[in-house]
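Numbering-wise, the sequence shown is residues 1 to 493 according to the UniProt record's numbering. For glycine and all other residues, C-beta sits at the position ideal for the given N, C-alpha and C. Encoded as structure tokens, the structure appears first; notes follow it.
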Amino acid sequence: MSALAGSNGNGHNGNGKQYDVPTPRAEWIVKRREEAARTGDTNMSQMHFARKGLITEEMAYVAHKEKLAPEFIRSEIAKGTMIIPANVMHPELEPMAIGVGSLCKINANIGNSALVSNVDEELRKLHTAVHFGADTVMDLSTGGDIPMIREAIIRHSPVPIGTVPLYEALSRVKRVEDLNIDLYLEVIEEQAQQGVDYFTIHAGVLIQYVPMVSKRITGIVSRGGAILAQWMTANHKQNFLYENFDRITKIMAKYDVSYSLGDGLRPGCVADASDEAQFAELKTLGELTRQAWKDDVQVMIEGPGHVPMDKIKEQVDKEVELCDGAPFYVLGPLVTDIAPGYDHITSAIGAAMIGWHGAAMLCYVTPKEHLGLPNEKDVKDGIIAYKIAAHAADIARHRPGARDRDDAISHARYTFDWDAQFDLSLDPETARGMHDETLPDDYYKEAAFCSMCGPKFCSMNWSSKVDKYNEEVHGLKKPELTQIMTEQLALRG
Ligand SMILES: C[C@H]1O[C@@H](n2cnc3c(N)ncnc32)[C@H](O)[C@@H]1O
Ligand SMILES: Cc1ncc(COP(=O)(O)O)c(N)n1
Ligand code: SF4
Ligand SMILES: [Zn+2]
Numbered sequence: 001m002s003a004l005a006g007s008n009g010n011g012h013n014g015n016g017k018q019y020d021v022p023t024p025r026a027e028w029i030v031k032r033r034e035e036a037a038r039t040g041d042t043n044m045s046q047m048h049f050a051r052k053g054l055i056t057e058e059m060a061y062v063a064h065k066e067k068l069a070p071e072f073i074r075s076e077i078a079k080g081t082m083i084i085p086a087n088v089m090h091p092e093l094e095p096m097a098i099g100v101g102s103l104c105k106i107n108a109n110i111g112n113s114a115l116v117s118n119v120d121e122e123l124r125k126l127h128t129a130v131h132f133g134a135d136t137v138m139d140l141s142t143g144g145d146i147p148m149i150r151e152a153i154i155r156h157s158p159v160p161i162g163t164v165p166l167y168e169a170l171s172r173v174k175r176v177e178d179l180n181i182d183l184y185l186e187v188i189e190e191q192a193q194q195g196v197d198y199f200t201i202h203a204g205v206l207i208q209y210v211p212m213v214s215k216r217i218t219g220i221v222s223r224g225g226a227i228l229a230q231w232m233t234a235n236h237k238q239n240f241l242y243e244n245f246d247r248i249t250k251i252m253a254k255y256d257v258s259y260s261l262g263d264g265l266r267p268g269c270v271a272d273a274s275d276e277a278q279f280a281e282l283k284t285l286g287e288l289t290r291q292a293w294k295d296d297v298q299v300m301i302e303g304p305g306h307v308p309m310d311k312i313k314e315q316v317d318k319e320v321e322l323c324d325g326a327p328f329y330v331l332g333p334l335v336t337d338i339a340p341g342y343d344h345i346t347s348a349i350g351a352a353m354i355g356w357h358g359a360a361m362l363c364y365v366t367p368k369e370h371l372g373l374p375n376e377k378d379v380k381d382g383i384i385a386y387k388i389a390a391h392a393a394d395i396a397r398h399r400p401g402a403r404d405r406d407d408a409i410s411h412a413r414y415t416f417d418w419d420a421q422f423d424l425s426l427d428p429e430t431a432r433g434m435h436d437e438t439l440p441d442d443y444y445k446e447a448a449f450c451s452m453c454g455p456k457f458c459s460m461n462w463s464s465k466v467d468k469y470n471e472e473v474h475g476l477k478k479p480e481l482t483q484i485m486t487e488q489l490a491l492r493g
């Protein structure tokens, strides 16, 4: 398909995202607008076109990247089990898909706070996140000039950008109680106009669920959830996002902004996981999903948070059951609460498990979680941990070809092709640096050992001699992996 001329086929699998190669998406959007004008239609969503039986250029592009049939992508989007978050005001975007039928994706949260704010630093975080393989990025800024920072991020981003519009709404009023739907609609219209691809909207936090959190150790840890709970209890009113859901949906449809239905009552510690409040909200999110789908608006569902390993599978099963298979987008989850400073690790364990069980996208947690605003280094550490989790999930899910890079790097390792091993790794610079710390000389780039065991105790070195015996005495040959290694090396450039 000619629309794929700009496709670089990079996608999920690693550090090589071609940051500066634009897609011809601007032209695709013009065509979409013409199609809409011809039919007198104002709904620009991928779901709307999918349900009309149309394979958009975005769908074809995604199909090519994911090595899936375009018709499969279309039918998944029509059903609601896959989304392509792609605002028509974000021409810089390289479309990607979120859904259990495609590769497991990762999101990186960036953005400032009232206490730490600098647009250049946020752009550096964006660049680092995209470079190491973030599939989407959320701008969670709450301080300073929020629209200006977001504009800079969107205009520089080839990946979908998500926001929580409630944060900007709150920044524009004096007291939480003053939040209202008119202001909120104004904010989402402005953000949609700028090109935000998905909105976290905590429309499932209902006033009748608030007493359910009294049993918890950590109450409400979602910012959006806690702000809305305060608004509802101070005003004695139902959640205004829930009450005005259809008005919000209309704006989403016009720009094709996807819903990320927020988990305002997610557990904030392992003790609070899977409680009454969490599942009451999830049931409401399911109802809202069906309501959005009636208007052909794309939806994903946000999930927790802090969950012990034995409760992870049930989180996915419940979401699929209550939300009809809408893509599940989860924060971690952290499988223990005892390691502040290392929560990229506590959460990557849960993320790998939940990805294996069917979560579509994993929202990273950085080492700074619970301690402060992440910096550029924290962003990198979070991304690497989550690339590992998502890739491990893809392998366990038996995605076709998911293991190719593993097989290639394993072959390089076994044949002592050190340069190939570095080039195939998630973070080549770090891998090379660690090797060279003890054996920096070029001579050792072909050595049949490293400083771990040394030449006399290198097991792989002895093992290759045993391979020769197997071949010469028994005629048993090892599988041929040179080609897969060459292919994988070519993909990494
Ligand atoms: C929902 C998740 O978002 C994270 N979070 C909230 N604000 C920011 C920000 N400005 N930058 C990075 N992460 C953030 C929280 O730490 C939580 O884990
Ligand atoms: C996976 C996930 N869940 C929730 C939020 C919103 O943050 P909050 O609910 O704290 O406002 C988020 N950004 N990502
Ligand atoms: S991360 Fe810090 S500011 Fe945010 S909820 Fe926790 S303690 Fe409060
Ligand atoms: Zn937490």
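**Q.** Unbroken alpha helix (DSSP H) run spanning residue 521, endpoints
**A.** Here the chain has residues from 1 to 493 only, and residue 521 is not among them.
**Q.** Three-state class that DSSP yields for Asp467 in the structure shown
**A.** helix
Q) In three-state terms, what does DSSP make of Met47? A) helix
Q) Taking C-alpha atoms, which residue in Tyr342, Ala352 and Glu287 lies nearest to Lys313? A) Ala352
Q: Using 10 angstroms around the beta-carbon of Glu437, count the other beta-carbons present and answer buried if the total reaches 16, otherwise exposed.
A: exposed
Q. Taking DSSP as the reference, what is the three-state secondary structure of Ala108?
A. strand
Q: With Asp317 as the anchor, note down where its alpha helix (DSSP H) starts and where it stops.
A: Ile312 to Leu322
**Q.** Collapsed DSSP secondary structure at Asp182 in the structure displayed
**A.** helix
Q | Val466 burial status per 10 Å Cβ neighbour count (16 or more: buried) | A | exposed
Q: Kindly indicate the opening and closing residues of the alpha helix (DSSP H) around Leu245.
A: According to the sequence displayed, residue 245 carries Phe and not Leu. Run containing Phe245: Phe245 to Tyr255, per the alpha helix (DSSP H) assignment.
Q. If you draw a straight line from the alpha carbon of Asp407 to that of Met96, how long is it in whole angstroms?
A. 26 Å
Q) Sorted by chain position, which residues of the same chain lie with C-beta nearer than 7 Å to Asp423's C-beta, five sequence neighbours on each side aside? A) Leu489 and Arg492
Q. From the DSSP output, which residues share a beta bridge with residue 526?
A. The requested residue 526 is not part of the displayed model; the chain covers only 1 to 493.
Q | Simplified DSSP assignment, three categories, for residue 540 | A | Beyond the ends of the chain as shown, which are 1 and 493, falls residue 540; an answer cannot be given.
Q | Cβ-Cβ distance between Pro327 and Ile98 below 7 Å | A | yes
Q. Does the count of Cβ pairs from the segment 96-115 and the segment 375-392 closer than 8 Å reach three?
A. yes
Q | 4-residue-minimum alpha helix (DSSP H) runs that sit fully inside the segment 342-421, ordered along the chain | A | 343-357, 376-396 and 404-414
(Q) Check whether the segment 245-259 and the segment 285-297 touch, using three or more Cβ-Cβ pairs below 8 Å as the test. (A) yes
Q. Ser7 to Asp41, Cα distance in whole Å?
A. Confidence is the limiting factor: at Ser7 the pLDDT is only 31, short of 50, which leaves the residue's position unreliable and the question unanswerable from this model.
(Q) Let me check understanding here. Comparing Cα to Cα, which of Tyr364, Leu103, His236 and Phe199 lies closest to Asn87? (A) Phe199
**Q.** Beta carbon shell of ligand 4 at less than 7 Å from a heavy atom
**A.** Val221, Gly268, Gly305, His306, Leu334, Glu369 and His370
Q | Own chain partners of residue 500 with C-beta closer than 6 Å, once the 5 adjacent residues on each side are dropped | A | The structure shown has nothing for residue 500, since the chain only spans 1 to 493.
**Q.** Collapsed DSSP secondary structure at Gly286 in the structure displayed
**A.** helix
**Q.** Endpoints, the beta strand (DSSP E) within which Leu331 is located
**A.** Phe328 to Leu331
**Q.** Run of the alpha helix (DSSP H) containing Met232, from where it starts to where it stops
**A.** Arg223 to Asn235
Q) DSSP on residue 518, reduced to helix/strand/coil? A) Lying outside 1 to 493, the shown extent of the chain, residue 518 is not represented and no answer is given.
Q.
I want to know whether the segment 363-370 touches the segment 317-337 - three or more CB-CB distances under 8 Å.
A. yes
Q: Please confirm whether any heavy atom of ligand 1 lies closer than 6 Å to the CB of Gly144.
A: no
Q.
So, at 7 Å on beta carbons, what are the nonlocal neighbours of Trp231 in its own chain, with the 5 sequence-adjacent residues on each side left out?
A. Val176, Glu177 and Leu179
Q: With Glu433 as the anchor, note down where its alpha helix (DSSP H) starts and where it stops.
A: Reading off the sequence shown, one finds Gly at residue 433, where the question assumed Glu. First-last of the alpha helix (DSSP H) with Gly433: Pro428 to Thr438.
Q | Distance between beta carbons of Tyr255 and Ala192, contact taken as under 8 Å | A | 4 Å
**Q.** Check: Glu319 C-beta below 6 Å from any heavy atom of ligand 2
**A.** no
Q. So which of Tyr167, Gly219 and Gly195 has the shortest CA-CA distance to Tyr184?
A. Tyr167
Q. Straight-line CA distance for Ser45 to Ile220?
A. 33 Å
Q) Nearest-angstrom Cα distance between Lys79 and Tyr444? A) 54 Å
Q. Looking at Ile181 and Phe240, is the spacing between their C-beta atoms short of 7 Å?
A. yes
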